[in-house]
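Trainee:
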Amino acid sequence: MRTSGPLTTMRIALVQQHATVDKSENVARGLRAFETAARAGAALVGFAELAFEPFYPQTPAGPTASSHAEPVPGPLTDAFAARARELGVVAVLNLFERDGDRTFDCSPVIDADGTMVGRTRMVHITEYACFHEQGYYTPGDKGAPVYRTRAGAIGVAICYDRHYPEFMRALALGGADLVVVPQAGSVGEWPDGLYEAEMRVAAFQNGYFVALCNRVGREEKLTFAGESFVCAPDGRVIARAPQGTDAILYADVDFTQNAASHARQLFLQHRRPELYGEWLSR
């Protein structure tokens with residue numbers, strides 16, 4: 000088990016896996032992939048949006064939609080916490096969370112000692128064909144937290160939240176070294192190259208690494224693309240997974256690059272929030 004202080008240079012892994020209606024089998028595959036990534040030297044392993052269950056918002060929410068959700072902490076987080084503790088690896092998950100009578104798109108973050116350090120809940124909730132999310136999710140109430148973990152300062156931008164520059168900037172202002180993006184992006188959903196370019200710009204403008212982990216595989220109404228990738232703080236893509244197939248994507252990251260980035264050396268220092276703050280509140 001890794002026991003020293005926070006790392007600055009490490010390997011991260013993104014588990015790009017398909018999901019079936021058999022949640023227990025999806026979780027078992029995820030745990031096996033988590034262990035495989037850890038044995039390959041990963042200090043952090045991230046998963047896609049709703050990685051262990053079908054993408055429910057393909058169809059409008061019915062009266063029993065919340066029955067698919069589970070509490071946090073709960074069975075899923077308990078299983079990964081035990082494995083994280085055993086292997087000494089940070090886990091960034093995503094699941095359909097139930098909290099009382101509310102449900103959320105939630106990313107629990109589990110440190111390398113098995114402690115759940117927090118949970119990010121998706122703030123911005125979309126609604127359009129095959130992404131009927133407003134019937135499933137309550138807007139998140141946790142803000143844009145950054146978690147201090149064995150693998151550095153970790154932020155999470157869940158799928159739709161990545162489209163909002165103010166959310167991505169909030170993670171930078173919170174001190175994120177790495178932003179993990181659990182996503183459910185389908186084939187042909189956006190103009191060619193845009194889905195990658197958006198994250199390259201966010202990494203460049205904010206001076207952190209971005210690791211986007213996408214769903215993959217054919218489901219009821221959508222085919223999810225895969226093509227997970229990792230961007231460096233200079234905007235370069237340093238690792239990319241294939242389209243249409245399960246894969247574990249590895250990337251070696253060096254957080255000392257963040258401090259040397261244009262964003263940390265220039266952009267963040269030269270902000271003028273007194274000039275545009277009022278516009279952000281409208």
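So for the sequence shown, numbering that gives the first Met the number 0 puts the first residue at 0; every next one is plus one. C-beta atoms are modelled at their ideal positions from N, C-alpha and C, and glycine is treated no differently.
1) Compare the C-alpha of residue 54 against each of 63, 67 and 246 and name the closest.
2) Less than 8 Å between C-beta atoms, sequence neighbours within five positions excluded: which residues of the same chain meet that for residue 118?
3) Around the C-beta of residue 149, are 16 or more other C-beta atoms found within 10 angstroms, so that it is buried, or is it exposed?
4) If we ignore side chains and look at the alpha-carbon of each, how far apart do residue 0 and residue 7 end up?
5) In whole angstroms, what separates the C-alpha of residue 366 from that of residue 152?
6) From the DSSP output, read off the bridge partner residues of residue 129.
7) Give me the Cα-Cα distance between residue 224 and residue 102, rounded to the nearest whole angstrom.
8) Taking the continuous alpha helix (DSSP H) assigned at residue 88, which residues delimit it?
9) Can you tell which of 229, 172 and 51 has the C-alpha that lies nearest to the C-alpha of residue 145?
10) My guess is that residue 11 and residue 41 are in contact by the Cβ rule of under 8 Å, so how many angstroms apart are they, rounded?
11) Pull the bridge partners of residue 228 from the DSSP assignment, please.
12) With residue 161 as the anchor, note down where its alpha helix (DSSP H) starts and where it stops.
13) According to DSSP, is residue 1 helix, strand or coil?
14) Just confirm the distance between the C-beta atoms of residue 208 and residue 240, as a whole number of angstroms; I'd bet it's less than 8 Å.
15) Are at least three pairs of beta-carbons, each pair with one atom in the segment 157-176 and one in the segment 119-127, less than 8 Å apart?
Mentor: For this structure:
1) Within the sequence shown, the letter at position 55 stands for residue 54. The candidate whose alpha carbon is nearest that of residue 54 is 67.
2) Taking the sequence shown and counting its residues from 1, one reaches residue 118 at position 119. 71, 96, 105, 106, 107, 108 and 141, listed in sequence order.
3) Position 150 of the sequence shown, counting from 1, holds the residue named residue 149. Classification for residue 149: buried.
4) For this step, residue 0 is matched to residue 1 along the sequence shown. For this step, residue 7 is matched to residue 8 along the sequence shown. Below a pLDDT of 50, predicted positions are generally treated as unreliable, and residue 0, at 43, falls in that range; no measurement from the model is reported.
5) For residue 366 there is no data in the structure shown, the boundaries of the chain being 0 and 281.
6) By one-based count along the sequence shown, residue 129 stands at place 130. Looking at the DSSP assignment, residue 129 forms no beta bridge with any residue, so it has no partner.
7) Residue mapping note: residue 224 aligns to position 225 of the sequence shown, counting from 1. Residue mapping note: residue 102 aligns to position 103 of the sequence shown, counting from 1. Cα to Cα, the separation comes out at about 26 Å.
8) Working through the sequence shown from its first residue, we reach residue 88 at position 89. Residue 88 -> no alpha helix (DSSP H), and no H or E assigned at all.
9) Reading the sequence shown from its first residue, position 146 is the one you call residue 145. Answer by Cα proximity: 172.
10) Position 12 of the sequence shown, counted from the first residue, corresponds to residue 11. Position 42 of the sequence shown, counted from the first residue, corresponds to residue 41. The pair is a contact, with the Cβ atoms about 6 Å apart (cut-off 8 Å).
11) For this step, residue 228 is matched to residue 229 along the sequence shown. Note: residue 228 sits in a beta bridge opposite 211 and 239.
12) For this step, residue 161 is matched to residue 162 along the sequence shown. That residue, residue 161, is in no alpha helix (DSSP H); it is neither H nor E in DSSP.
13) Position 2 of the sequence shown, counted from the start, is the residue given in the question as residue 1. The predicted position of residue 1 is uncertain, since its pLDDT is 48 and thus under 50; no value can be drawn from it.
14) For the purposes of this step, residue 208 is identified with residue 209 of the sequence shown, where counting begins at 1. For the purposes of this step, residue 240 is identified with residue 241 of the sequence shown, where counting begins at 1. The pair is not a contact, with the Cβ atoms about 16 Å apart (cut-off 8 Å).
15) The answer is yes - the segment 119-127 touches the segment 157-176, with three or more Cβ pairs under 8 Å.
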